[in-house]
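**Q**
Numbering (the working numbering), first residue to last: 179 to 337.
Here it is, written out as structure tokens:
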């Protein structure tokens, strides 16, 4: 399914493609951020009940982010960074009954499965997502509803 995603901010920490583990996951990086007291305080202060991951593709490599999506950004604690995602058309898949262990799945399985599903729906994507002007793949898990939303940014909205 396609939809218009409003501008939203990703708050968290980026990790280079070299930090991926042998299982092709960033599980250790995710755990490191979950154990960070400043991150937990930021979540509490802003009443955020979601977790998110983001892959920013480049032509040759990528950057992985872990954190939260929020529309309201206050001051960031030291050690956290923000990345503003543009208002854009996105391809969306939703999954019910998910939990944080979803983020421990190998990226080399999750992303190709998502791309295949989207392409089967007739949505055109770049063969290499890094060639796109909006090279973002975002996953957002609502911890209360256990609903996971996966989004691939397709193009920036002109509206």
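Cβ atoms here follow ideal geometry from the backbone N, Cα and C, with glycine treated the same way.
Where does residue 233 land, buried or exposed, given buried means 16+ other C-beta within 10 angstroms?
**A** It is buried - the Cβ of residue 233 has at least 16 other Cβ atoms within 10 Å.
**Q** So what's residue 224 in DSSP terms, helix, strand or just coil?
**A** If DSSP states are grouped into helix, strand and coil, residue 224 belongs with coil.
**Q** Where DSSP assigns a beta bridge to residue 179, which residues make up the other side?
**A** Answer by DSSP bridge pairing: none, since residue 179 is not bridged.
**Q** Drop a sphere of 10 angstroms on the beta-carbon of residue 337, count the other beta-carbons inside from all chains shown, and report buried for 16 or more, exposed for fewer.
**A** Bear in mind that the predicted position of residue 337 carries a pLDDT of just 48, short of 50, making it too unreliable to give a figure here.
**Q** Three or more C-beta pairs closer than 8 Å, one from the segment 301–310 and one from the segment 203–219: is that the case here?
**A** Touching, no.
**Q** What residue range is occupied by the uninterrupted beta strand (DSSP E) comprising residue 287?
**A** Here residue 287 belongs to no beta strand (DSSP E); instead the alpha helix (DSSP H) covers 285–298.
**Q** According to DSSP, simplified to helix, strand and coil, what is residue 190?
**A** It is a strand residue.
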